[in-house]
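Sequential numbering from 334 applies to the sequence shown in this note's numbering.
We treat Cβ as the ideally placed atom computed from N, Cα and C, and that holds for glycine.
Source: prediction; values computed, not measured.
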Amino acid sequence: MINYHSMESIKIVDTLIDPENAEELKRTKSDIETKITKIQKLIKNENQSKTATNSRRSKKETELMGLTEDLYKQYQSLSAQYDNVIGKVVSPTRHKASASSSDSESEYFSSEEVDGINKRRSEKGKKYLSDTVKQEPDRGDDSNKVKDSNENIADASEGLKAEASGEASGRQLDSLMEEMRSLSNHKTNLELQIDSQANEVKQLSVKNTELQNHVTELESLLKEKQGAVSNLEVKLNNSEEQAKSNIVKLMAQVNELILETKSLTTQKDEMEEKIKCDKNEASVGREELMEKLNGMQQKLDSLENLNKELETQMEGKRDKNEASIEREELMEKLNGMQQKLDSLENMNKELETQREELMEKHNGMQQKLDSLENLNKELETQREELMEKRNGMQQKLDSLENLTKELETQREAMMEKLNSMQQKVDSQENLNKELETQMEVKGEEISQYLIQIENLKEKMAETKSLEQKMMEEKEVFLAELKDMELELETQSNQKNEVEEQLRDTTYELKHIMNENKALQDRNDELKAAMTQRGEEITNFLLENDSDENGASMEIMALRAQVNDMRLELDSMYEQKTKLELQIERNQNEYAESLAKMESVNAKLAAQIADQENTIDRIKEEQKQTVIMSNKFNLNLRTAEKKMEELAEKLRKKMEDNIRLLHQRIHVAEQLNNENKNSCKLTNMRYEQENKTLAEKVAIYEDDLRRLKEESKEATYSPVVDQMRFEFEAALKGLDVAAAKLEEHKECVMSNVSKMLCEIQLAKDWIKKMNTEMKQLKDNVDCLTALLSEKEEQELLLRDKVWHLEASVSKEGGEKLNMTNAVNQLEKKVVKLEKNLKEKDEDLDSLGEKKREAIRQLCLVVEFHRDRCSYLVNLVSNMRNNKKT
């Protein structure tokens, strides 16, 4: 029935339209279709050729402008024709409107409604065309073209929705609007979070750059300090060389100055002699001149006296000629004398000039003498200092001479003692020679061992210095390792922060992707709902062709909903563009962060390689030190064994020697005691003999006195002479016996003193040997202490080596963790790139969906045009039927 009524209405409209107008309508229809196909082709070409030039774009835009204007004009002409046709249809049926039923009212339009609908259509068409005209010149990019096409699609979809939806669609639109608002708020929050995170990333990048700059500055400062240190070392070496050269030069200058002083002293002496000679000559010449002047002055005085006398005589003898003649003679004499005086005055002047010249010379010589005196004073001071030094040296020499004299006296005394002891020492020389040979051998061995000990001490000192250097280098390397560890920690912290930021960004991107997918799903649902609504609308329109007034109201509502949906789609597209821009920014930031991380990783790899090289070098040095320490320990152990063996041998030999010495001392003491006892006995005997001799002497003296007295009394007799002779012989024998006793006593005392000296020397030798043994024990204790210290240092070094190996292993683990993290980041980058590719594919699919939607909308537009043409034909047929 509906199709039948529609066919009848089309026939009525056809009756109302003229055949010429029908042909024009067909032409306009064909023109509109061709223009629409051209517009679609142009849009497709623009979408495909994104890299087109500006000239081609401008041409296409001008073509699109022309086509849109033609479409707008044709649309206006069609709307005018439609108004005329509806006016013709509505004018004869106004009087039937009140009597017709609701069904008939729904089939026909009122004039006001038709005018309103036409106005709305014309306004919407104008708006659509004006929007397209405004938007098409502003198209500079493909995104703007897609937006324009999307807006056109949204307009068409809004029209369809306005025709299809009702009150339920309004409620759904309200709920959708609320959801869109919540999504927009959530989106703004996400944008704010992304901006804050982007600012944080920028701040971190700025801090990283600052830290890197600080590290480079520190490295440059280290290099400058190292260069300054090397320069200072070079300067020190140069200064030392210069100082040595200056010292050599100064020594040469001192030697030269000494020679100059010697030459100056000789010159001074010569000058002093010359000056003395000159002074003597000048004084002699001056005295001679003064004598000459005095003589000439006396002559002048005598001549003046003569002149006065002659003048007096001339006054008394003026009258006489003889006096005049004499006067003339005298005047001539006076003139001669005056000439002589003038010559003497000239001579005096010349002598004065010579005297002045001599005085100037004297002053010059005096200045020279002053300078020479100053030099002489300086030389005297130097000479005094030298004399003081010489006196000190002389005193030292005197003291040394005294010491030499004392030593000579001691030597003479010792020589005397030695000469006295030589007789007793001859018996013990063989034993002493053997002992001396043994002691010399032992001394040589001891000297060798002492040399070995000194060598070992030097080696110990060298090893200590090497160990100190190694410790210093290790401390430096440990400090560098700590600095590197701190840098690695800071970089790892920065890397962790960047990873956290990347995780946050990836989480946000995933969240945004999920939201985008949800929005796409919602868009798909809306499109499906739109298609369903379109189908419902078509069904509803097919079922309710008669209810045109209600349908028009529903169409208006659906158009309003379509406008709202268009706005929502615009907002969604804007969100999509913003999200794309954010994704691009995140990608760029991620690429920058990756580049920075790669550079940081490269630097870390270089630093780690340097650290590994240093650690390898340290390990090699440690191995060498361990080998040296092992060798040193072996040498020390062998030395200790040799020292112990030598100590045992020396101890045994010393014990043997000490036993022999004790035996000798015991024998010497026994001999001494025996000598003492014998001396005591001999003294007792000698005292007894002396007593007896004294008694005999006293008796003999008494006898002598008595004999003398008797001799005085008696005369000479041969018996008395014989007694005297015997007595004298007895006295001589007593004197000889006393002398022999004294010589024997002196020999015994000298032997005793010699034995005591030998005992004292043996004791001193034993003390020396004991002190040497104590020193050797102290040296052995010192060496054992040094060995224990070395072992402790080796243990500490081993602990440090273990710690360093542990730190190296930790750094290796951290390096592996870093490489794993970098690999994970690369995997994440690959995943993000895949996600971006998927997003691009989704965007391409969305573009294709949009194109399909545009095609569907074009089909809907064609359907509505067909419907309009059908309605026009129906109205014309209805008019024709009414006329008939």
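Tell me the DSSP secondary structure of Thr1152 in three-state form.
Here residue 1152 refers to the residue found at position 819 of the sequence shown. Looking at Thr1152 - three-state DSSP - the assignment turns out to be helix.
Which of the three DSSP states is assigned to Thr1217 in this structure?
In the sequence shown, residue 1217 corresponds to position 884, counting from 1. Residue state, collapsed to three classes: coil.
- [ ] On a CA-only basis, which of Ala1031, Ser553, Leu1089 is nearest Gln1003? Give me that one, please.
- [x] Translated into positions along the sequence shown, residue 1003 becomes position 670. Measuring from the Cα of Gln1003, the nearest candidate turns out to be Leu1089.
| Residue of Arg836, Asp837, Arg1131, Val1208 minimising C-alpha distance to Lys956 | Locating residue 956 in the sequence shown gives position 623, where the first residue counts as 1. Closest option to Lys956, Cα to Cα, is Arg1131.
Using a 10 Å radius around the Cβ and a threshold of 16 neighbouring Cβ atoms, would you call Arg360 buried or exposed? By one-based count along the sequence shown, residue 360 stands at place 27. Looking at its Cβ environment, which holds fewer than 16 other Cβ atoms inside 10 Å, Arg360 is exposed.
So, helix, strand or coil for Ser1121, using DSSP? In the sequence shown, residue 1121 corresponds to position 788, counting from 1. In this structure, Ser1121 counts as helix in the three-state DSSP scheme.
Q: Would you check if the distance between the CB atom of Ala531 and the CB atom of Glu830 is smaller than 8 Å?
A: Working through the sequence shown from its first residue, we reach residue 531 at position 198. Working through the sequence shown from its first residue, we reach residue 830 at position 497. No, these two residues do not count as a Cβ contact at 8 Å.
- Message: Using a 10 Å radius around the Cβ and a threshold of 16 neighbouring Cβ atoms, would you call Leu1129 buried or exposed?
- Response: The count along the sequence shown starts at 1 and reaches residue 1129 at position 796. Exposed: under 16 other Cβ atoms inside 10 Å.
Q.
On the CB-based measure, 16 or more other CB atoms within 10 Å of its CB, does Leu1014 come out buried or exposed?
A. For the purposes of this step, residue 1014 is taken as residue 681 along the sequence shown, with counting starting at 1. Per the 10 Å Cβ criterion, exposed.
* To do: Check whether the Cβ atoms of Met1102 and Met1017 sit closer than 8 Å, and answer yes or no.
  => Mapped onto the sequence shown, residue 1102 falls at position 769. Mapped onto the sequence shown, residue 1017 falls at position 684. Result no, Cβ atoms of Met1102 and Met1017 do not sit closer than 8 Å.
Problem - Beta-carbon spacing of Asp403, Lys371 below 8 Å - result: Residue mapping note: residue 403 aligns to position 70 of the sequence shown, counting from 1. Residue mapping note: residue 371 aligns to position 38 of the sequence shown, counting from 1. Contact flag unset, no.
One question on the structure: do Gln915 and Ile527 come within less than 8 Å of each other, judged by their Cβ atoms?
Counting from one through the sequence shown, the residue named residue 915 turns up at place 582. Counting from one through the sequence shown, the residue named residue 527 turns up at place 194. Contact flag set, yes.
Alpha carbon to alpha carbon, how far is Leu1190 from Thr521? Within the sequence shown, the letter at position 857 stands for residue 1190. Within the sequence shown, the letter at position 188 stands for residue 521. Rounded to the nearest angstrom, the two C-alpha atoms are 33 Å apart.
- Item | Asn826 versus Glu1124 - alpha carbon distance | Counting from one through the sequence shown, the residue named residue 826 turns up at place 493. Counting from one through the sequence shown, the residue named residue 1124 turns up at place 791. C-alpha separation (whole angstroms): 41 Å.
- [ ] Return the residue from the list Thr542, Ser515, Glu511 that minimises the CA-CA distance to Glu925.
- [x] Start at 1 with the first residue of the sequence shown, and residue 925 comes out as number 592. Cα-wise, what sits closest to Glu925 is Thr542.
Q) Within 10 angstroms of its Cβ, does Leu1207 collect 16 or more other Cβ (buried), or is it exposed? A) Taking the first residue of the sequence shown as 1, we reach residue 1207 at position 874. Leu1207 comes out buried.
Notebook entry, point to check: How long is the line joining the alpha carbons of Glu557 and Asn1112, rounded to whole angstroms?
Noted result: Taking the first residue of the sequence shown as position 1, residue 557 is located at position 224. Taking the first residue of the sequence shown as position 1, residue 1112 is located at position 779. Approximately 48 Å between the Cα atoms of the pair.
Report the rounded CA-to-CA distance for Glu711 versus Lys595, giving the unit in angstroms.
Walking along the sequence shown from the start, residue 711 turns up at place 378. Walking along the sequence shown from the start, residue 595 turns up at place 262. Those two C-alpha atoms are separated by around 13 Å.
- Task: Express the C-alpha separation of Asn1010 and Glu1028 in angstroms, rounding to a whole number.
- Result: Taking the first residue of the sequence shown as 1, we reach residue 1028 at position 695. Taking the first residue of the sequence shown as 1, we reach residue 1010 at position 677. One C-alpha to the other measures close to 26 Å.
Checklist entry - Roughly how many angstroms separate the alpha carbons of Gln1157 and Leu537, rounded to a whole number? => result Counting from one through the sequence shown, the residue named residue 1157 turns up at place 824. Counting from one through the sequence shown, the residue named residue 537 turns up at place 204. Cα-Cα distance, rounded: 21 Å.
- Alpha carbon of Lys964 to alpha carbon of Leu979, nearest angstrom: Numbered from its first residue, the sequence shown carries residue 964 at position 631. Numbered from its first residue, the sequence shown carries residue 979 at position 646. Going by the C-alpha atoms only, they are around 22 Å apart.
Classification of Val1205 by the beta-carbon crowding that lies within 10 angstroms, buried from 16 upward | Taking the sequence shown and counting its residues from 1, one reaches residue 1205 at position 872. By the neighbour-count rule (16 or more Cβ atoms within 10 Å), Val1205 is buried.
Original post:
Using CA coordinates, which residue listed in Ser1178, Asn1210, Asn1168, Asn946 is at the minimum distance from Asn847?
Top reply: Within the sequence shown, residue 847 is the residue found at index 514, counting from 1. Per the Cα distances, Asn1168.
Checklist entry - Do you know offhand how far Lys1133's Cα is from Ile960's? => result Here residue 1133 refers to the residue found at position 800 of the sequence shown. Here residue 960 refers to the residue found at position 627 of the sequence shown. Cα to Cα, Lys1133 sits roughly 17 Å from Ile960.
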